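Just add 3 to wherever you are in the sequence shown, counting from 1, and you've got our numbering. Since the structure comes first, as structure tokens, the remarks are kept for the end.
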Amino acid sequence: MTTDGKIRTRVWERGSGITQACGTGACATAVAAAVNGKAGRKTDIVMDGGTLTIAWDEQSGHVFLTGNTVKVFDGFIIA
């Protein structure tokens with residue numbers, strides 16, 4: 004947890020190493036923190052690639068992820 008109540012995480016993906024972000028991981032982190040009384044039902048998850056806001060509607064079980072998109076790569080496929 005940061006001093007302003009946000010949760011700071013880093014992502015390690017097998018085969019890739021450290022990545023900029025992971026939406027699934029952010030959602031899981033936020034819900035686990037809420038269930039354990041460490042965060043509210045809406046919280047910010049700070050990752051290397053930016054901040055994601057996660058809102059958990061406990062009654063419906065739905066988890067909502069909000070964040071900015073940033074282009075980080077250009078490429079093409081040679082067929």
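Even for Gly, the Cβ is constructed at its ideal location relative to N, Cα and C. Quantities reported herein were computed from a predicted structural model and do not represent experimental measurements.
Neighbourhood of K9 by C-beta distance below 6 angstroms, restricted to the same chain and skipping five residues each side: Here residue 9 refers to the residue found at position 6 of the sequence shown. Spatial neighbours of K9 in its own chain (CB-CB distance under 6 angstroms, excluding positions within 5 residues in sequence) are listed in chain order as D47, V49.
Which word fits A35, buried or exposed, when buried means at least 16 other C-beta atoms lie within 10 angstroms of its C-beta? Within the sequence shown, numbered from 1, the residue matching residue 35 stands at position 32. Residue environment: A35 is assigned as exposed (fewer than 16 neighbouring CB atoms within 10 Å of its CB, all protein chains considered).
Limits of the unbroken alpha helix (DSSP H) element including A31: As a working mapping, residue 31 is identified with position 28 in the sequence shown. 26-38 is the span of the alpha helix (DSSP H), which, as asked, contains A31.
Environment of A82 [buried if 16+ CB atoms lie within 10 Å]: Numbered from 1 along the sequence shown, position 79 holds the residue referred to as residue 82. Per the 10 Å Cβ criterion, exposed.
Could you compute how far the alpha carbon of A51 sits from the alpha carbon of I21? As a first step, residue 51 is located in the sequence shown; it is residue number 48 there, counting from the start. As a first step, residue 21 is located in the sequence shown; it is residue number 18 there, counting from the start. Sequence inspection shows Asp at residue 51; the Ala mentioned does not correspond to that position. Each residue's alpha carbon lies about 9 angstroms from the other.
Evaluate T6 with the Cβ neighbour count: other Cβ atoms within 10 Å of its Cβ, from every protein chain shown; 16 or more gives buried, anything less gives exposed. Counting from one through the sequence shown, the residue named residue 6 turns up at place 3. It is exposed - the Cβ of T6 has fewer than 16 other Cβ atoms within 10 Å.
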